[in-house]
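Working notes, structure below.
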Amino acid sequence: MFSWFRQRFGKQRNDLDQVQPGKCSQTCSSGHSSISTCSSGHSNTSSSSSSSISAKPSASDQPLPSVLSSPYRSSLRYDVFVCHNDEDSDLAQSLASFLEAPSSGLRCYLHERDCPAGGAVSTELLQAVQDSHCWLLLVTPNFVKDDWCLYQMHQVLSEGPMSQRIIPAVVNMPRSQLPLELRFLFTVDLNTNKEFGYTLVYKTVLHYLFCETQKENVHSALFCMMKLNVMLSA
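Using the numbering used here, you'd call the opening residue of the sequence shown number 16 and step up by one each time.
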């Protein structure tokens with residue numbers, strides 16, 4: 016039975032090593048690693064850049080990470096919900112284009128593009144939040160002055176305040192001016208090098224999907240083992 020278990024999960028472990036050199040459990044167990052990215056001045060950017068996910072998503076002829084075809088990933092419609100102020104739509108669309116490129120393969124939600132006409136805005140956005148794996152908050156001076164953005168931020172925080180799903184991406188905002196609710200999270204700095212920041216967002220989403228896929232696979236295997244034990248003891 017042990018050999019069956021090893022055979023069942025050997026492939027997922029190899030895929031995980033391709034995304035992040037550290038063990039998934041080490042990152043998932045840390046509350047502060049929920050974002051696993053901080054401003055480019057921190058030392059962890061050097062280890063991030065050495066990951067086998069290149070500093071820029073690979074060319075389209077290279078296969079996408081296998082986690083993007085996992086059942087867990089397919090259980091929700093979007094990979095990233097992008098919350099932003101309307102004045103920052105160009106930046107939000109630039110980020111979404113990077114993440115949705117064929118070489119990246121993610122699925123983003125932008126309200127101006129994906130919210131159906133005629134639907135109640137609050138209802139549609141809440142549904143999109145619940146139907147997304149990760150939630151990116153594009154925090155700018157416009158964001159913190161927008162009551163609607165702050166409402167969405169609180170919706171996201173209520174869904175999973177420490178669930179490794181919230182990614183604050185900061186532009187032209189010192190930490191002292193961030194909403195109090197976000198100051199305890201590591202942030203992605205988009206001020207100095209936007210493409211590098213976009214890549215950190217991409218890695219964070221992939222890492223979250225890998226961790227959650229591993230958890231689901233372990234639970235599924237344990238259930239199968241328990242069921243098999245019951246059948247053998249009957």
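All C-beta atoms, glycine included, are put in the ideal place defined by N, C-alpha and C.
DSSP puts residue 98 in a beta bridge; with which residues?
The count along the sequence shown starts at 1 and reaches residue 98 at position 83. In the DSSP output, where bridge partners are listed per residue, residue 98 has 152.
Consult DSSP for residue 82 and reduce its assignment to one of helix, strand or coil.
Counting from 1 along the sequence shown, the entry for residue 82 is found at position 67. The answer is helix: DSSP assigns residue 82 an H, G or I state.
Could you tell me the distance, in whole angstroms, from the CA atom of residue 132 to the CA atom of residue 147?
Here residue 132 is taken as the residue at index 117 of the sequence shown, counted from 1. Here residue 147 is taken as the residue at index 132 of the sequence shown, counted from 1. When rounded, the distance between both Cα atoms is 20 Å.
Hey, how far is the Cα of residue 136 from the Cα of residue 82?
If you number the sequence shown from 1, residue 136 lands on position 121. If you number the sequence shown from 1, residue 82 lands on position 67. Whole-angstrom Cα-Cα distance: 32 Å.
How is residue 144 classed by DSSP in three states: helix, strand or coil?
As a first step, residue 144 must be located in the sequence shown, where it is residue number 129. Correct three-state label for residue 144: helix.
Span separating the alpha-carbon of residue 223 from that of residue 96:
Position 208 of the sequence shown, counted from the first residue, corresponds to residue 223. Position 81 of the sequence shown, counted from the first residue, corresponds to residue 96. So the two alpha carbons sit approximately 14 Å from each other.
For residue 179, count neighbouring Cβ atoms within 10 angstroms of its own Cβ and tell me buried if that reaches 16, exposed if not.
As a first step, residue 179 is located in the sequence shown; it is residue number 164 there, counting from the start. Buried, by the Cβ-count rule.
Compute the beta-carbon to beta-carbon distance between residue 219 and residue 182, rounded to the nearest angstrom, for a pair I have assumed lies under 8 Å.
Sequence index remark: in the sequence shown, residue 219 carries index 204 (1-based). Sequence index remark: in the sequence shown, residue 182 carries index 167 (1-based). The pair is a contact, with the Cβ atoms about 6 Å apart (cut-off 8 Å).
Looking only at its own chain, which residues have a Cβ that is under 8 Å from the Cβ of residue 194, when we skip the five neighbours before and after it?
The residue you call residue 194 lines up with position 179 of the sequence shown. Around residue 194: 154, 159, 165, 168.
If you measure between the beta carbons of residue 202 and residue 186, is that distance less than 7 Å?
Along the sequence shown, one-based indexing puts residue 202 at 187. Along the sequence shown, one-based indexing puts residue 186 at 171. The answer is no: Cβ separation not under 7 Å.
Exposed or buried, what is residue 119 when buried is set at 16 or more other beta-carbons lying within 10 Å of its beta-carbon?
Reading the sequence shown from its first residue, position 104 is the one you call residue 119. Classification of residue 119: buried, given that the 10 Å Cβ count is 16 or more.
Should residue 207 be labelled buried (16 or more other beta-carbon atoms within 10 Å of its own) or exposed?
The residue given as residue 207 occupies position 192 in the sequence shown. With fewer than 16 Cβ atoms within 10 Å of its Cβ, residue 207 is classed as exposed.
What would DSSP say about residue 111, mapped onto helix, strand or coil?
Here residue 111 corresponds to residue number 96 of the sequence shown, with the count starting at 1. Of the three classes helix, strand and coil, the one that applies to residue 111 here is helix, per DSSP.
From the DSSP output, read off the bridge partner residues of residue 184.
Here residue 184 refers to the residue found at position 169 when the sequence shown is read from its first residue. Paired residues: 153, 203.
Along the chain, where does the alpha helix (DSSP H) that runs through residue 167 open and close?
The sequence position of residue 167 within the sequence shown is 152, counting from 1. It spans 162 to 174 - the alpha helix (DSSP H) in which residue 167 sits, taken as one unbroken run.
Taking residue 128 as part of the alpha helix (DSSP H), name the residues at either end of that continuous run.
In the sequence shown, the residue the question calls residue 128 occupies position 113. Run containing residue 128: 126 to 129, per the alpha helix (DSSP H) assignment.
How many Å lie between residue 143 and residue 77 at the Cα?
Position 128 of the sequence shown holds residue 143. Position 62 of the sequence shown holds residue 77. Residue 143 and residue 77: Cα-Cα distance of roughly 30 Å.
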